[in-house]
Amino acid sequence: MKAVCSIIGHTDVYDVDIQSKMQAAVDQLVAEHETVEFLVYPNGALSSAFLLAALRARTNCPQKITISFVSLHGVVERMGSQDRAYFYISDQLVIADIQVPKTNDGAILYKKMLLWITQNSTHIISYFYDMLYDPDRQLVKHARMPDISLSTPETETAILEAAVHMTEKEQI
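Residue numbers for the sequence shown follow the numbering used here, beginning at 35 and rising by one.
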């Protein structure tokens with residue numbers, strides 16, 4: 035059986051051991067399925083950790099793994115430098131069929147991309163700390179499909195303890 039896996043969650047990483055947890059999740063999916071396609075959308079440190087874990091897994095099982103770069107652009111020249119780097123490392127380019135908002139609102143575009151990724155995946159690795167996550171993006175978190183969560187109660191507690199020392203503006 036083929037699995038299609040992607041990552042959703044915070045763009046920033048709050049756990050020091052995120053790479054080892056990410057690698058364990060990726061390796062688990064590879065062990066459980068005949069083939070695995072990793073849909074990688076470049077968006078911060080979390081997606082970089084996901085890509086690195088997929089690349090390491092592909093080194094060990096090249097016949098089982100495909101890394102697909104997800105983009106809005108079909109032309110490499112129109113991609114930003116980070117997107118180009120992901121494109122050259124991946125096995126293939128997947129164009130997300132998303133209507134770009136006329137307002138050029140990055141938040142709306144990001145939400146549409148998360149929805150597209152969720153709808154085109156059989157497995158999601160998630161990294162959410164509810165108190166930090168924009169409520170508008172919560173709909174993606176509760177998608178009905180197998181989910182591997184990388185967040186931990188210990189980090190959530192540490193975040194809450196640190197937040198009391200921040201100004202209201204910093205907390206927001």
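Heads up, the beta-carbon is just placed ideally off N, CA and C, and yes, glycines get one too.
Residue range of the alpha helix (DSSP H) that includes residue i
i           : result
residue 117 : 115–123
residue 98  : Careful: residue 98 lies outside any alpha helix (DSSP H) and carries neither H nor E.
residue 43  : Here residue 43 belongs to no alpha helix (DSSP H); instead the beta strand (DSSP E) covers 36–43.
residue 144 : 140–153
Residue range of the unbroken beta strand (DSSP E) whose run includes residue i
i           : result
residue 132 : Taken as a continuous stretch (DSSP letters only), residue 132 belongs to no beta strand (DSSP E), as it is neither H nor E.
residue 81  : That residue, residue 81, is in no beta strand (DSSP E); its alpha helix (DSSP H) goes 79–94.
residue 183 : 181–183
Residue i - DSSP class collapsed to helix/strand/coil
i           : result
residue 201 : coil
residue 162 : coil
residue 68  : coil
residue 194 : helix
residue 73  : strand
residue 178 : Any reading at residue 178 must be qualified, since the residue scores a pLDDT of 49, below 50, and its modelled position is unreliable; the value itself is stated next. Here residue 178 sits in coil by DSSP.
residue 60  : helix
Rounded distance between the beta-carbons of residue j and residue i, thought under 8 angstroms
i           : j           : result
residue 70  : residue 85  : The pair is not a contact, with the Cβ atoms about 14 angstroms apart (cut-off 8 angstroms).
residue 82  : residue 102 : Contact flag wrong, Cβ pair sits at about 16 angstroms.
residue 155 : residue 129 : Actually they do not touch by this definition, with Cβ atoms about 16 angstroms apart.
Beta-carbon spacing of residue i, residue j below 8 angstroms
i           : j           : result
residue 151 : residue 181 : no
residue 41  : residue 89  : no
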